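Asker: Before anything else, here's the structure in question.
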Amino acid sequence: MKTHTIQTIFAALLLTIPATTSLANLSGSDDFNDNSKDLTKWGADSGGAGHSLNEINQRLEYTADGSDSFKERPWILSTGSYVENWEARMDVHLSTAALPVDGDDRRFTLGLSAGGFSAGVQLELKNYSGTTLRSFKVGDDGPGGTDSLVSTLSTDGAVRVTFDASTKILGFYYDENGSIGGYTWTQFDTIDTDAVGTDWGLNAASTFAIAPFGESEGVGVSSGEAYGDNFNVVPEPPDPILPTVVIRPAAQIAWSSVVGQTYIVQASASMAAGSWQTVHGPVAGTGVEMTYCERTDTSTRFFYRVTTQ
């Protein structure tokens, strides 16, 4: 049985991302459609000699020779601020593959690091004690960190990480069909980088480095079997749960909650900036679906959204 863990891989590879003196917040994107690495956006690849990341077929493809290693590509155009909100997201693909030995795996990950610690969200295919499981997974190398995963049947999806500068919480999300029909994000883990027991020791000068990477153990990976696409980083993330349009006379808003997150429900008649008013909460996440019944007045049509504090 192999002993590599996602935490040790993150610790080894993400700390190789070049330091930057700029505190400019994350911004930029790459859809890889030109099949050419943009050296103003991406740093030198690092990882095993038999592993590669290549911008071909209008995407970022990961290939491997069957040895246990990885290949990562650091984003160098900008970094994530510790004092401003930001998000990073990417489409991911993993083809079905035979994984005959316990511990055999392949994955494509959107990783981040800061202050000597690291974490990431990925689509993974792995043999766990003879059973092959496909899942979206979060790996946390920080203090008190643990892995979390959600089983899926998806070969194509999307992953996303956000940072809330007011709470210092990293949020991790997946979308089971990626960009098809627009993104609908499900949050399945958080890291409080400023809490007792999980404190990353960051300060106002700290920045987060971002890097997509492929990894595999025990099996080779051919062109087209593992790749990322539509990489995007922005300084101000959208609300964790998109606004829900409610048509009167009666409706109930429901959302998947995460333990450790605090939620508020807001309403607006126009969705214009500054028009949102809190109508419910704050309420603590319970790890199960939470609901809110809309306001009882019927004179106006309202839009609703659920967001975190």
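Reading the sequence shown from the start, the letters are residues 44 to 352 in my numbering. Quick reminder that beta carbons are idealized off the backbone N, C-alpha and C, glycines included. Everything numeric in this text was worked out from a predicted model, so none of it was measured.
Entirely within the stretch 91-178 and at least 3 residues each: give me those beta strand (DSSP E) ranges in chain order.
Answerer: 94-99, 102-108, 112-115, 118-124, 129-137, 148-157, 160-171
Asker: Three or more beta-carbon pairs under 8 Å between the stretch 131-141 and the stretch 229-247, yes or no?
Answerer: no
Asker: Considering only DSSP beta bridges, list what Ala297 is partnered with.
Answerer: Here residue 297 is taken as the residue at index 254 of the sequence shown, counted from 1. Partner(s): Thr334.
Asker: What are the partner residues of Glu258, as DSSP defines its beta bridges?
Answerer: On the sequence shown, position 215 is the one that residue 258 refers to. Answer is Phe113, Arg150, bridged to Glu258.
Asker: For Ile223, name the three-state secondary structure that DSSP assigns.
Answerer: Counting from 1 along the sequence shown, the entry for residue 223 is found at position 180. The answer is coil: DSSP assigns Ile223 none of H, G, I, E or B.
Asker: Could you name the residues of the same chain whose beta carbon sits closer than 6 Å to that of Val302, not counting the 5 residues immediately before and after it, in chain order?
Answerer: Here the question's residue 302 lines up with position 259 in the sequence shown. For Val302, where only same-chain residues beyond five positions count, the Cβ hits under 6 Å are Gly328, Gly330.
Asker: Could you give the DSSP three-state label for Leu196: helix, strand or coil?
Answerer: Working through the sequence shown from its first residue, we reach residue 196 at position 153. Three-state DSSP puts Leu196 in coil, outside helix and strand.
Asker: Measure the C-alpha to C-alpha separation of Arg150 and Asp183 and round it to an integer number of angstroms.
Answerer: By 1-based counting over the sequence shown, the position of residue 150 is 107. By 1-based counting over the sequence shown, the position of residue 183 is 140. When rounded, the distance between both Cα atoms is 15 Å.
Asker: Classify Ile296: buried if its beta carbon has 16 or more other beta carbons within 10 angstroms, exposed otherwise.
Answerer: The residue given as residue 296 occupies position 253 in the sequence shown. That one is buried.
Asker: Within 10 angstroms of the Cβ of Asp366, are there 16 or more other Cβ atoms? Answer buried if so, exposed if not.
Answerer: Nothing about residue 366 can be reported from this structure: the residues present for the chain run from 44 to 352 only.
Asker: When the Cα of Ser112 is compared with those of Asp148, Thr122, Ser79, which residue comes out closest?
Answerer: Translated into the one-based positions of the sequence shown, residue 112 becomes position 69. Nearest C-alpha to Ser112: Asp148.
Asker: I'd like to confirm the pairing. Which residues does DSSP put opposite Ser191 in its beta bridges?
Answerer: Reading the sequence shown from its first residue, position 148 is the one you call residue 191. Beta-bridge pairing links Ser191 to Val181.
Asker: From which residue to which residue does the beta strand (DSSP E) around Val326 run?
Answerer: To locate residue 326, count along the sequence shown from 1; it is residue 283. Start and end: 320-327.
Asker: Could you round the C-beta distance between Ser72 and Asn275 to whole angstroms and report it? I think they count as a contact, below 8 Å.
Answerer: Taking the first residue of the sequence shown as 1, we reach residue 72 at position 29. Taking the first residue of the sequence shown as 1, we reach residue 275 at position 232. Right, their Cβ atoms sit about 4 Å apart.
Asker: Return the Cβ separation of Asp199 and Gly173 in integer angstroms, given the expectation that the two are a contact with Cβ distance under 8 Å.
Answerer: Locating residue 199 in the sequence shown gives position 156, where the first residue counts as 1. Locating residue 173 in the sequence shown gives position 130, where the first residue counts as 1. Not really, about 26 Å apart at Cβ, beyond 8 Å.
Asker: Going by C-alpha to C-alpha distance, which of Thr189, Leu166, Asn170 sits closest to Lys180?
Answerer: For the purposes of this step, residue 180 is taken as the residue at position 137 of the sequence shown. Nearest C-alpha to Lys180: Leu166.
Asker: Let me know the secondary structure DSSP gives Ser249 once reduced to three states.
Answerer: Translated into the one-based positions of the sequence shown, residue 249 becomes position 206. Residue state, collapsed to three classes: coil.
Asker: With a threshold of 16 other CB atoms inside 10 Å of the CB of Thr233, please say whether the residue is buried or exposed.
Answerer: Numbered from 1 along the sequence shown, position 190 holds the residue referred to as residue 233. Flag for Thr233 reads buried.
Asker: For Ser65, does the three-state DSSP call read helix, strand or coil?
Answerer: Counted from its first residue, the sequence shown places residue 65 at position 22. In this prediction, Ser65 scores a pLDDT of 48, lower than 50, which makes its location untrustworthy; the coordinate-derived value is nonetheless stated afterwards. In the structure shown, Ser65 sits in coil (DSSP, three-state: anything other than H, G, I, E or B).
Asker: With a CB to CB cut of under 7 Å and the five nearest residues on each side skipped, what residues in its chain are close to Leu176?
Answerer: Indexing the sequence shown from 1 puts residue 176 at position 133. The residues are Lys169, Ser194.
Asker: For Gly214, does the three-state DSSP call read helix, strand or coil?
Answerer: Numbered from 1 along the sequence shown, position 171 holds the residue referred to as residue 214. In this structure, Gly214 counts as strand in the three-state DSSP scheme.
Asker: Among all the DSSP beta bridges, which residues are the ones paired with Asn275?
Answerer: To locate residue 275, count along the sequence shown from 1; it is residue 232. According to DSSP, Asn275 bridges with Ser72, Arg132.
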